[in-house]
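Listed in order, the protein sequences are those of chains A and B.
Counting in this note's numbering, the first sequence tops out at residue 347, every number present.
Counting in this note's numbering, the second sequence tops out at residue 306, every number present.
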Amino acid sequence: GIQVEQSPPDLILQEGANSTLRCNFSDSVNNLQWFHQNPWGQLINLFYIPSGTKQNGRLSATTVATERYSLLYISSSQTTDSGVYFCAVASGTYKYIFGTGTRLKVLA
Amino acid sequence: GAVVSQHPSRVICKSGTSVKIECRSLDFQATTMFWYRQFPKKSLMLMATSNEGSKATYEQGVEKDKFLINHASLTLSTLTVTSAHPEDSSFYICSARDGTRAGDAFFGQGTRLTVV
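Here's what the structure looks like:
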């Protein structure tokens, strides 16, 4: 099956800093989503981005499907950005496989 | 956007009892829903694919008789953890896809199960 690796596994930032999270996947996919899991466990859908670039406020994402990776950019980070970020990929059946996650902590 | 509701959000049960978790698509029909399990500080692992009107498809290593899945209507799938044991304690999340729109899947808020 598809393997999804995220890096870095852990990240500590000072408030206001920028960061880039990476998601590599081992096979072709036609669906990719980025999520933020809050402290209560709820998955917040950030982007549906099987290819191209999207932006939403301080967050943006880029997927280069041909090279099998996606990037999530967080600018001017805030303490409320803390949590775990997952990318998830699927091909055909929408059976999403989740990455290993990046645990982000933003310090005030 | 589409809404998936999961209930209960938190449940504590005694060893040996069964627990049912519901996953509903509130404003769309979902012929397929998915169930995931998450251990503390780990990623989400796909358990099974729930198909409306037919048997669920389980991932390798997931016990069918332990985790019973029923998808009786286009808006409801249920996961029943049978004869629960402490090692079944986990966070369970469902997802569903709106077949009338492209690609993204929507996730429920999750159920934290604690077996004592």
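Built from N, CA and C at the ideal position, the CB exists for glycine as well.
- The C-beta separation of VAL306/B from LYS204/B comes to about 6 Å, placing the pair in contact by the 8 Å criterion.
- Residue pairing by DSSP puts ARG227/B in a beta bridge opposite MET235/B and TYR282/B.
- In this structure, THR341/A lies near GLN245/A, with their beta-carbon atoms less than 8 Å apart.
- Of the residues THR304/B, GLN228/B, VAL193/B and GLN219/B, the one whose Cα lies closest to the Cα of HIS261/B is GLN219/B.
- Contact with chain A is found for PHE297/B, since one of that chain's Cβ atoms lies less than 8 Å from the residue's Cβ.
- Less than 8 Å separates the beta-carbon of LEU285/A from that of LEU298/A.
- For PHE229/B, no CB of chain A lies under 8 Å from its own CB, so it is not counted at the interface with that chain.
- Contact annotation: in the stretch 293-308 of chain A, no residue has its CB less than 7 Å from a CB in chain B.
- Per DSSP, THR221/B is not a residue of any beta strand (DSSP E), being assigned neither H nor E.
- Annotated three-state conformation of ASP320/A is helix, per DSSP.
- DSSP places GLU212/B in the strand class (E or B) of the three-state scheme.
- Secondary structure within the stretch 258-284 of chain A: the beta strand (DSSP E) runs of 3 or more consecutive residues, fully enclosed, are 258-264 and 270-276 (chain order).
- Interface annotation, GLN281/A: in contact with chain B, CB-CB separation under 8 Å.
- A Cβ-Cβ distance of about 12 Å is found for the pair CYS262/A and TYR312/A, leaving them out of contact under the 8 Å criterion.
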